[in-house]
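Residue numbers (the working numbering), protein chains in the order written: chain A, 345 to 530; chain B, 12 to 206; chain C, 21 to 134. All remarks here apply to the structure that follows.
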Amino acid sequence: MAPLAPKTGDAVFASIDRVNAELFTLTYGAMVRQLLTDLEEVDEVNKQLDQMGYNIGIRLIDEFLAKSNVSRCVDFKETADVIAKVGFKMFLGVAAAVTNWDAEGTSFSLVLEDNPLVDFVELPDTCQGLHYCNILSGVIRGALEMVSMKTEVTWVRDMLHGDDAYELRVKLLKQVPEEYPYKDDE
Amino acid sequence: MIGVGKIKQYSNVLDKPLSRGRQEVSLSAFAFLFSELVQYSQTQVDNIAELERRLEDAGYAVGARVLELLCHREKGNRRETRLLGILSFVHSTVWKVLFGKVADSLEKGTEHEDEYMISEKELLVNRFISIPKDMGAFNCGAFVAGIVRGVLDGAGFPAVVTAHFVPMEGQQRPRTTILIKFAEEVLRRESRLGG
Amino acid sequence: MDTNDSLRLASLWHSMHAISQQLSPTTGCAGIELLQADTFDLHCFQSLTGTKFFVVCELGTLHMEALLKVIYELYTDYVLKNPFYEIEMPIRCELFDLNLSQAIQKDRIALLGR
Numbered sequence: 345m346a347p348l349a350p351k352t353g354d355a356v357f358a359s360i361d362r363v364n365a366e367l368f369t370l371t372y373g374a375m376v377r378q379l380l381t382d383l384e385e386v387d388e389v390n391k392q393l394d395q396m397g398y399n400i401g402i403r404l405i406d407e408f409l410a411k412s413n414v415s416r417c418v419d420f421k422e423t424a425d426v427i428a429k430v431g432f433k434m435f436l437g438v439a440a441a442v443t444n445w446d447a448e449g450t451s452f453s454l455v456l457e458d459n460p461l462v463d464f465v466e467l468p469d470t471c472q473g474l475h476y477c478n479i480l481s482g483v484i485r486g487a488l489e490m491v492s493m494k495t496e497v498t499w500v501r502d503m504l505h506g507d508d509a510y511e512l513r514v515k516l517l518k519q520v521p522e523e524y525p526y527k528d529d530e
Numbered sequence: 012m013i014g015v016g017k018i019k020q021y022s023n024v025l026d027k028p029l030s031r032g033r034q035e036v037s038l039s040a041f042a043f044l045f046s047e048l049v050q051y052s053q054t055q056v057d058n059i060a061e062l063e064r065r066l067e068d069a070g071y072a073v074g075a076r077v078l079e080l081l082c083h084r085e086k087g088n089r090r091e092t093r094l095l096g097i098l099s100f101v102h103s104t105v106w107k108v109l110f111g112k113v114a115d116s117l118e119k120g121t122e123h124e125d126e127y128m129i130s131e132k133e134l135l136v137n138r139f140i141s142i143p144k145d146m147g148a149f150n151c152g153a154f155v156a157g158i159v160r161g162v163l164d165g166a167g168f169p170a171v172v173t174a175h176f177v178p179m180e181g182q183q184r185p186r187t188t189i190l191i192k193f194a195e196e197v198l199r200r201e202s203r204l205g206g
Numbered sequence: 021m022d023t024n025d026s027l028r029l030a031s032l033w034h035s036m037h038a039i040s041q042q043l044s045p046t047t048g049c050a051g052i053e054l055l056q057a058d059t060f061d062l063h064c065f066q067s068l069t070g071t072k073f074f075v076v077c078e079l080g081t082l083h084m085e086a087l088l089k090v091i092y093e094l095y096t097d098y099v100l101k102n103p104f105y106e107i108e109m110p111i112r113c114e115l116f117d118l119n120l121s122q123a124i125q126k127d128r129i130a131l132l133g134r
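Written as structure tokens, this is what we have:
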């Protein structure tokens, strides 16, 4: 029998190799700074961070599936819980909360209790439009796309912009049906 | 609101107490981030020397901040002023905090008075990385070399720092040696301060 | 077998896997997991992202399912975290090869049964 899917990522996080969060935070900071120098425009940096997150997401999803023992989710609600409780915990060591479902059950918010990306960070006046953590939205979008879900992920609240929490809105655009790779005309 | 209870807001990042640095993220999260940093860097350069340079620059920014953080947290706002003191600080304190262990070895170069080497059998940043054959001797440890240079420079010990693969007898994989070549002024000052 | 041969066989296997799903009299078939020939067994594992891993072994070799899971993990470590690997391209990663050849040693596989 397959092992039961975990409800939280605590056990996985405890069993895998970990590193000091400061190495991670400072490396991310160094990367954002390089992007600001290379691209100059804050909007371009936001785009690039999202793209980099996407690139990570399409790779990271396999690690998540291989090491978390999570199997196919029955619906989007379960997907949301798995991302928040297992995914965030397993990679970043902090869980997120799922809130604010819409009536159709196709969009929800992820609220972060703690965010290891932003230790030591304060946005200077010149970077007020920067979504410093934009890599996270890209990761979620990329990871979900690899398991047949097209999503749109946007920031609702950002503590670096003076809000009281970090809140990401995840909207399911399309559940891509699993297609047979085999077609008659090929 | 669920999940926001633990967050305390500070009007200014400087008011926020410095964390004690016990928090961890998964090695995978770091490895994916680092891999993406290397991939992005590749799109910004024309050759391997420039790629090394970019990774070193990113590392330098990390090193400069790590020095400040650790001098404050671990050393009560004091920092090393002598050559062997700062080398041992890098090899032990910095390594332990960033990579979870003291570096495998710290040696003085045999041929040159101004050279020191910190070696690691398996550098954390290289754990999952295989260098393609056509990239020759390139080592992503350039990032760590940058961290070391950032720490040394900030502490007043300017140096040229590079990362090299060194084959080991009886081992399938080469180890990485971080070669530190101090600036002349550093050695002059050191000899003035005497033993 | 050169790279082109591997790619050709992999694409044939991919199609057969898909055909098996269509042939299934009940819904929800995930495709071929085990193919038994008269001289060998072929075990296949497909991740939820659609990547297939397969191992060809002596008839009746044990623990192949567990081995495929180990290989999947090695793939996520030494292939997907390698900045020099391009997605969807043939895998040329020294560390993956090294760890893979260790994982398929007989004594290691025996341990998977525990």
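No residue lacks a Cβ here, since even glycine has one placed at the ideal position from N, Cα and C. All values derive from a computational prediction rather than experimental measurement.
- Under the three-state reduction of DSSP output, R416 of chain A falls in the coil class, being neither helix nor strand.
- Comparing C-alpha distances from L27 of chain C to each of C:L54, C:L68, C:Y92, C:K72 shows the shortest one belongs to C:K72.
- The alpha carbon of L115 of chain C has as its nearest neighbour, out of C:L29, C:K126, C:Y95, C:G80, the alpha carbon of C:Y95.
- DSSP places I59 of chain B in the helix class (H, G or I) of the three-state scheme.
- In this structure, the CA atom of I107 of chain C is about 29 angstroms from the CA atom of A439 of chain A.
- For G87 of chain B and A72 of chain B, the gap between their C-alpha atoms comes out near 22 angstroms.
- The residue among B:A170, B:A75, B:E196 with its C-alpha nearest the C-alpha of L367 of chain A is B:A75.
- Between L198 of chain B and E124 of chain B the beta-carbon gap is near 7 angstroms, inside 8 angstroms, which marks them as a contact.
- Taking a C-beta cut-off of 7 angstroms against chain B, the contacting residues of the stretch 70 to 103 of chain C are D97, Y98, K101, N102, P103, listed in chain order.
- Here R128 of chain C is exposed. Its C-beta has fewer than 16 other C-beta atoms within 10 Å.
- Pairing G152 of chain B with I91 of chain C, the inter-Cα distance amounts to about 27 angstroms.
- In the three-state scheme derived from DSSP, where H, G and I count as helix and E and B as strand, E131 of chain B is classed as strand.
- M493 of chain A is bridged by DSSP to A:Q519.
- Non-local C-beta neighbours of I405 of chain A in its own chain, meaning closer than 6 angstroms and more than five positions away in sequence, comprise A487, M490, ordered along the chain.
- Between L95 of chain B and V99 of chain C, the alpha-carbon positions lie close to 40 angstroms from each other.
- For the stretch 167 to 198 of chain B, residues whose beta-carbon sits nearer than 9 angstroms to a beta-carbon of chain C comprise Q183, R184.
- In the structure shown, R362 of chain A falls within a strand segment according to DSSP collapsed to helix, strand and coil.
- Close to chain A, meaning a Cβ-Cβ distance shorter than 9 angstroms, are the following residues of the stretch 45 to 61 of chain B: F45, S46, E47, L48, Q50, Y51, S52, Q55.
- DSSP links A441 of chain A through a beta bridge to A:V455.
- L135 of chain B is positioned such that its CB atom lies no closer than 7 angstroms to that of F154 of chain B.
- Three or more beta-carbon pairs separated by less than 8 angstroms link the stretch 389 to 402 of chain A to the stretch 34 to 48 of chain B, which places the two stretches in contact.
- In terms of CA proximity to K126 of chain C, C:M84 leads the group C:H37, C:M84, C:E93.
- Around the beta-carbon of S481 of chain A, 16 or more other beta-carbon atoms lie within 10 Å, marking it buried.
- At a cut-off of 7 angstroms, the C-beta of I140 of chain B has a neighbouring C-beta in chain C.
- Residues of chain B whose Cβ lies closer than 8 angstroms to the Cβ of N399 of chain A are, in chain order, E47, Q50.
- Residues of the stretch 105 to 125 of chain B with a C-beta less than 9 angstroms from any C-beta of chain C: none at all.
- Neighbourhood of F43 of chain B in chain C, by CB distance below 7 angstroms: K101, in chain order.
- In the structure shown, the three-state DSSP call for F149 of chain B is coil.
- Close partners of E114 of chain C in chain B (Cβ separation under 7 angstroms): S141.
- Here S412 of chain A is buried, its C-beta having at least 16 other C-beta atoms within 10 Å.
- A straight line joining the alpha-carbon of N459 of chain A with that of D58 of chain C spans about 56 angstroms.
- When the five nearest sequence neighbours on each side are left out, the beta carbons in the same chain lying within less than 8 angstroms of the beta carbon of R138 of chain B are those of L38, A42, in order along the chain.
- Per DSSP, T23 of chain C lies in no beta strand (DSSP E) segment; the continuous alpha helix (DSSP H) that holds it begins and ends at 23 to 43.
- Scanning its chain for C-beta atoms nearer than 7 angstroms, with the 5 sequence neighbours on each side dropped, one finds around A166 of chain B the residues L78, R90, E91, I97, in chain order.
- Look at C477 of chain A here: in three-state DSSP terms it is coil, with no helix or strand label.
- For D61 of chain C, the enclosing beta strand (DSSP E) covers residues 61 to 66.
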